[in-house]
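S.K.: Residue numbers (this note's numbering): 31 to 181. Don't be surprised by glycine CBs; every beta carbon is placed ideally from N, CA and C. Only a predicted model underlies this, so the values are computations on that prediction, with no experimental measurement involved. Structure incoming, see below.
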């Protein structure tokens, strides 16, 4: 995002405004849900420059995982209560009525981010293409494991 605000509320609104127009029915309730989540617990990922914002809402039409690079870093508290400079926002949105497979997909992506220092670096500095490829590889391996009965 070019010339983004350094205010979290404005950044959230900018991220939602730049999301696919068919993803969110009404932006304000989704923005309020995201802010409520941020107020409950820090969303900055320790030892990184990323924040993971996520919420569910009846205003969201389908699951979505989007990455936003910020021109202007914003200061946020990380999950270990340090202050970090966020230069990338990872936005995970889902409808209220998630199916079990959808829950598994969203959970797998969020846990993948902190699974290893290599993955944390990928989500902090990697390109959209590299991140897509890594997620696809993880799901392909998961599918193979399930088909072979390893899970």
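To which residues of the same chain is residue 116 closer than 8 angstroms at the C-beta, ignoring the five residues directly before and after it?
M.R.: Start at 1 with the first residue of the chain shown, and residue 116 comes out as number 86. Correct list, in chain order: 74, 79, 80, 81, 100, 103, 104, 105 and 106.
S.K.: Going residue by residue through the segment 90-132, where are the continuous beta strand (DSSP E) segments of at least 3 residues, counting only ones entirely within it?
M.R.: Those beta strand (DSSP E) runs which fall completely within the segment 90-132 and span 3+ residues are 94-107 and 113-124.
S.K.: With DSSP as the reference, label residue 55 as helix, strand or coil.
M.R.: Numbered from 1 along the chain shown, position 25 holds the residue referred to as residue 55. Here residue 55 sits in coil by DSSP.
S.K.: Look at the Cβ atom of residue 126, then the Cβ atom of residue 86, and state whether they are nearer than 8 angstroms.
M.R.: The sequence position of residue 126 within the chain shown is 96, counting from 1. The sequence position of residue 86 within the chain shown is 56, counting from 1. The answer is yes: Cβ separation under 8 angstroms.
S.K.: Count the other C-beta atoms from every protein chain shown that fall within 10 angstroms of the C-beta of residue 70, then say buried if there are 16 or more, exposed otherwise.
M.R.: Position 40 of the chain shown, counted from the start, is the residue given in the question as residue 70. Result: exposed.
S.K.: Could you compute how far the alpha carbon of residue 118 sits from the alpha carbon of residue 169?
M.R.: Working through the chain shown from its first residue, we reach residue 118 at position 88. Working through the chain shown from its first residue, we reach residue 169 at position 139. Going by the C-alpha atoms only, they are around 23 angstroms apart.
S.K.: Measuring alpha carbon to alpha carbon, tell me which of 133, 124 and 120 ends up nearest residue 162.
M.R.: Residue numbering aside, residue 162 sits at position 132 when the chain shown is read from its first letter. The residue with the shortest Cα to Cα distance from residue 162 is 120.
S.K.: May I have the straight-line CA-CA distance separating residue 89 from residue 171, to the nearest angstrom?
M.R.: Within the chain shown, numbered from 1, the residue matching residue 89 stands at position 59. Within the chain shown, numbered from 1, the residue matching residue 171 stands at position 141. Rounded to whole angstroms, residue 89 to residue 171 spans 32 angstroms at the Cα level.
S.K.: What span of residues does the beta strand (DSSP E) with residue 81 cover, start to end?
M.R.: Residue numbering aside, residue 81 sits at position 51 when the chain shown is read from its first letter. Run containing residue 81: 80-86, per the beta strand (DSSP E) assignment.
S.K.: Hey, how far is the Cα of residue 148 from the Cα of residue 160?
M.R.: Here the question's residue 148 lines up with position 118 in the chain shown. Here the question's residue 160 lines up with position 130 in the chain shown. If I take the Cα positions, the gap works out to 12 angstroms.
S.K.: Once you ignore the five residues that flank residue 50 on each side, which residues in its own chain have a CB closer than 8 angstroms to its CB?
M.R.: Along the chain shown, read from residue 1 onward, the residue named residue 50 stands at position 20. So the qualifying residues of the chain are 94.
S.K.: First and last residue of the alpha helix (DSSP H) that includes residue 166?
M.R.: Residue mapping note: residue 166 aligns to position 136 of the chain shown, counting from 1. Unbroken alpha helix (DSSP H) run through residue 166: 158-177.
S.K.: Quick one, which of 76, 84, 141 and 123 has its alpha-carbon nearest residue 114's?
M.R.: Translated into positions along the chain shown, residue 114 becomes position 84. For the residues 76, 84, 141 and 123, the minimum Cα distance to residue 114 belongs to 76.
S.K.: Could you please give the first and the last residue of the uninterrupted alpha helix (DSSP H) stretch that includes residue 47?
M.R.: Residue mapping note: residue 47 aligns to position 17 of the chain shown, counting from 1. Residues 38-47.
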